[in-house]
Amino acid sequence: MAKQVRERRWLSPNKRAKSYASELKAKVHQHGPKEGKPLTDFEAGLRVGSLQMKNDHIGIYKYKKALDSGKSKSEAKKFSRKIGK
Numbered sequence: 000m001a002k003q004v005r006e007r008r009w010l011s012p013n014k015r016a017k018s019y020a021s022e023l024k025a026k027v028h029q030h031g032p033k034e035g036k037p038l039t040d041f042e043a044g045l046r047v048g049s050l051q052m053k054n055d056h057i058g059i060y061k062y063k064k065a066l067d068s069g070k071s072k073s074e075a076k077k078f079s080r081k082i083g084k
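The sequence shown maps to residues 0 to 84 in numbering that gives the first Met the number 0.
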């Protein structure tokens, strides 16, 4: 069976942000002193922004790394969207 190649979507959370994603889905704090209390709009916005920033940072880093190694812009774009090494 061939291994399926997955692509990174710029807004998908990475593994380190898994708890933020689960809090956003549940709309409730799951850690710390506010555990069990609902997320405010401000707190939810912070989590969404953090998830987007972390994933965008990974994609841009991989894109620039590919350009520096001599790949074309289209090749670098494909490389930056590929999940994994």
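Ideal Cβ placement from N, Cα and C applies to all residues, glycine included.
Please go through the same chain and pick out, in chain order, the residues whose beta-carbon is closer than 7 Å to the beta-carbon of residue 30, but skip the five residues on each side of it.
In the sequence shown, counting from the first residue as 1, residue 30 sits at position 31. 18.
How big is the Cα-Cα spacing for residue 73 and residue 53?
On the sequence shown, position 74 is the one that residue 73 refers to. On the sequence shown, position 54 is the one that residue 53 refers to. So the alpha carbons of these two residues sit roughly 22 Å apart.
Excluding the five sequence neighbours on either side, which residues of its own chain have a C-beta within less than 8 Å of the C-beta of residue 4, listed in chain order?
Within the sequence shown, residue 4 is the residue found at index 5, counting from 1. Excluding positions up to five away in sequence, the list reads 81.
Between which residues of its own chain and residue 46 is the CB-CB distance below 7 Å, once the five residues before and five after are set aside?
The count along the sequence shown starts at 1 and reaches residue 46 at position 47. Excluding positions up to five away in sequence, the list reads 19, 22 and 23.
Rounded straight-line distance, which links the Cα of residue 71 to that of residue 56
Numbered from its first residue, the sequence shown carries residue 56 at position 57. Numbered from its first residue, the sequence shown carries residue 71 at position 72. Spanning the two alpha carbons is a distance of roughly 20 Å.
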